[in-house]
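Residue numbers (the numbering used here), protein chains in the order written: chain A, 3 to 337; chain B, 3 to 337.
A virtual CB, placed ideally from N, CA and C, is assigned to each residue, including glycine.
On a predicted model such as this, the values are computed, not experimentally measured, just so you know.
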DNA sequence: CTGAAAGCGCTTACAG
DNA sequence: CTGAAAGCGCTTACAG
């Protein structure tokens, strides 16, 4: 059976297609009686409006594109889920693109979005060359999440302030020999902000030692890379506390330390970043920084919709939260 | 600047729109010279075909819908990522719907897909009433993944055989007092299959004890629920081995046992399901069953495309793999 | 190999 | 409050 169109509905209801359209989109005045007839006919036929036709005619798609490094990372998948939720309840549809932090995949993906005529795009995370985002933002509404690009509205976390605070608390809790362990920055400004916050704090302490390891390979399989780093390098450095830029890195350290017979937090304290679900259940549980993925997603989406509707928009910043658990004993009152 | 259309390209190239269309879709014979001109003009204008118009005209959308319980679960997010990859490289676009294992959300979501005129749908996992899937499969091409629905092509794992094998190996390794711990089945046939496999094995062993806990609340936050179950109930039962239906459940058990001072695997052995990334790094690392999300996704996608193209299709089954780690010491040669 | 024309399903000024 | 008509951007028989 062919799908029912507005014509079929019109015929059954005994009115014109214009009227049917008006009733169904419901933004003009229509007599109650006709509306009734139309709705009845539509219901009876199981009429489903054809989005493609509507898009074509109205020159808007009621869809958005979301570009993220990979949809299977815990944080990003949480964002994906949230955006889906907000978008659907606002009548928008979502097209996801995985950039894999690779400019050419990102470009291909953005082309798909362009062909589909999305009304706007959200770029979440990632640290590729910003030129593409810059370019696109001239053609279509764009918002970035967890990343800043010049002249593009963004929603970010206060990484720098948070890590500064974290480092200070650790210092006040008695730690002196610090190791900062994270991925190389590339263009990830959330990562460089975290490191900057660390330095903001540590530079004021003349009796503290700061060692830094920034590893390119930590962009890959964080658990296994940090595991090996601990075995081969960190276990010899023996810092008092390791501040990492990611929970998976912290978890890798914890697993490796166990194998090496080094006790966490007694001999080395460790902090993570992201508050992954598993971090609360690790042994020891991981002291970390929580970033609210749902909040990020919500603000990104709302900001984008405002842009699409030509309302004024601005960038915003979300506060992170330090979660004290077993892996790094931060003393009461130092936060 | 208005977006370039096929008309603009035609004008610049000095040909008709029909010719432009033919060149750009590239399936009819065209003189090389004209093709050249058209391509040049298109390039120059930065022409991007309008998908909505093409959809409307051709009555197919080159898009598919994917319905899954939640896109942020590790297994499902891996499926999402894979499907995205295969779909994009085949020129398809993907619309994701989260059912939340709730029939009314699923129905709403499917309606969105229907409006968008997706060419087909993949339903992955979940255990809601199958009537909706049944219904939809009459209207549009449908494939189910990790779940079976009557008369719908499916791609599933061999859960029953695997768990039977796992149970047998544990028995041969010396375990006698078994606890099976999992979610209540509802309509999740992967879950009931696992339990069936357990029984297939255990029923042959007259000197083995089998205790079963099937908890509704394990459909929620598995880590915390299993943690509490261990503290309040399982630590008193003290089985020799716990077969769980999920790695998160196994991880919760491990965390709780540590708090209770019960040693795993020495006092109780534990197995999981899914081979989550974290399971390899847990302490102890988790003996589990690996299900290849990428393979599932690939076969689902290919099967769906075959259906859409009216090729014959059939259901398929993927073998799972038992991964022996520290949490349950399966003896060499018992597998 | 190429063009003129019809039509996919919808919405929206325009006229009444 | 309602209808006839035009048009969104494309593709594809049809004719040459």
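Note to self: Using a Cβ-Cβ distance cut-off of 8 angstroms, determine whether residue 139/B contacts chain A.
What the structure shows: no
Next item on the list: Verify the CB distance criterion: does residue 71/A have a CB-CB separation below 8 angstroms to chain B?
Entry: no
Next item on the list: Below 8 angstroms on the Cβ atoms is my guess for residue 128/B versus residue 71/B; work out the distance and round it to an integer in Å.
Entry: 5 angstroms
Checklist line | Below-8 angstroms beta-carbon distance, residue 51/A vs any chain B residue | finding: yes
Margin query: By the 9 angstroms beta-carbon criterion, what residues does the region 116 to 132 of chain A contribute toward chain B?
Written below: Within the region 116 to 132 of chain A, the residues whose Cβ lies closer than 9 angstroms to some Cβ of chain B are 116, 117, 118 and 119, listed in chain order.
Margin query: Quick check: residue 193/B and residue 184/B, are their CB atoms within less than 8 angstroms of each other?
Written below: yes
Margin query: Can you look up residue 301/B in the DSSP assignment and give me helix, strand or coil?
Written below: Here residue 301/B sits in helix by DSSP.
Next item on the list: Can you have a look at residue 182/B and say buried or exposed, based on whether 16 or more other CB atoms are within 10 angstroms of its CB?
Entry: buried
Notebook entry, point to check: What residue does the alpha helix (DSSP H) around residue 25/B start on, and which one ends it?
Noted result: 19 to 27
Check: Between the Cα of residue 230/B and the Cα atoms of 260/B, 5/B, 201/B and 210/B, which residue gives the shortest distance?
Finding: 260/B
Note to self: Using the three-state DSSP reduction, which class does residue 150/A fall into: helix, strand or coil?
What the structure shows: coil
Notebook entry, point to check: Taking contact to mean at least 3 C-beta pairs separated by less than 8 angstroms, is the region 76 to 89 of chain B in contact with the region 19 to 27 of chain B?
Noted result: no
Checklist line | C-beta atoms of residue 341/B and residue 157/B nearer than 8 angstroms | finding: Any answer about residue 341/B is impossible in this case: the structure gives chain B only from 3 up to 337.
Margin query: Residues in the same chain with beta-carbon distance under 7 angstroms from residue 102/B, minus the five sequence neighbours each way, listed in chain order, please.
Written below: 71 and 72
Notebook entry, point to check: Is the Cβ of residue 262/A closer than 8 angstroms to any Cβ of chain B?
Noted result: no
Check: Using the beta-carbon of each residue, which ones in chain B are nearer than 7 angstroms to residue 80/A?
Finding: 74
Check: What three-state label does DSSP hand residue 254/B in the structure shown?
Finding: helix
Next item on the list: Could you pull out every residue in the same chain whose Cβ sits closer than 7 angstroms to the Cβ of residue 321/A, ignoring the five residues on either side in sequence?
Entry: 160
Notebook entry, point to check: Leaving out the 5 sequence neighbours to the left and right, which residues in its chain are closer than 7 angstroms to residue 195/B when beta-carbon positions are compared?
Noted result: Cβ neighbours of residue 195/B beyond the five flanking positions: 161 and 162.
Check: For residue 44/B and chain A, any beta-carbon pair shorter than 8 angstroms?
Finding: no
Margin query: Suppose you measure from the CA of residue 154/B to the CA of residue 314/B; what does that come to, to the nearest Å?
Written below: 13 angstroms
Notebook entry, point to check: residue 294/A: which of 32/A, 275/A, 117/A and 251/A sits nearest, CA to CA?
Noted result: 275/A
Check: Applying a beta-carbon distance threshold of less than 8 angstroms, which residues of chain B neighbour residue 100/A?
Finding: 83, 86 and 87
Notebook entry, point to check: Given that residue 269/B touches chain A, what residues does it touch there, using C-beta distances under 8 angstroms?
Noted result: Those do not exist, as residue 269/B stays about 16 angstroms from chain A at its closest Cβ, beyond 8 angstroms.
Notebook entry, point to check: Is there at least one Cβ from chain B nearer than 8 angstroms to residue 90/A's Cβ?
Noted result: yes
Next item on the list: Check the Cβ of residue 253/A against every Cβ in chain B and list those closer than 8 angstroms, keeping chain order.
Entry: 280 and 283
Next item on the list: Verify whether the separation of the beta carbon atoms of residue 62/A and residue 121/A is less than 8 angstroms.
Entry: yes
Next item on the list: Verify whether the separation of the beta carbon atoms of residue 324/A and residue 168/A is less than 8 angstroms.
Entry: Closer than 8 angstroms, so yes.
Check: Straight-line CA distance for residue 134/A to residue 54/A?
Finding: 27 angstroms
Checklist line | Where residue 182/A sits in the DSSP three-state scheme | finding: DSSP places residue 182/A in strand when its eight states are reduced to three.
Next item on the list: Taking only beta-carbon positions, decide if residue 114/B is within less than 8 angstroms of chain A.
Entry: yes
Check: Residue ranges of each beta strand (DSSP E) run of no fewer than 3 residues wholly in the region 79 to 162 of chain A, ordered along the chain?
Finding: Segments of the beta strand (DSSP E) lying fully in the region 79 to 162 of chain A: 95 to 100, 122 to 126, 143 to 147 and 156 to 159.
Checklist line | Anticipated Cβ contact below 8 angstroms, residue 330/B with residue 289/B, distance rounded | finding: 4 angstroms
Next item on the list: Please confirm whether residue 215/A and residue 241/A have their CB atoms less than 8 angstroms apart.
Entry: no
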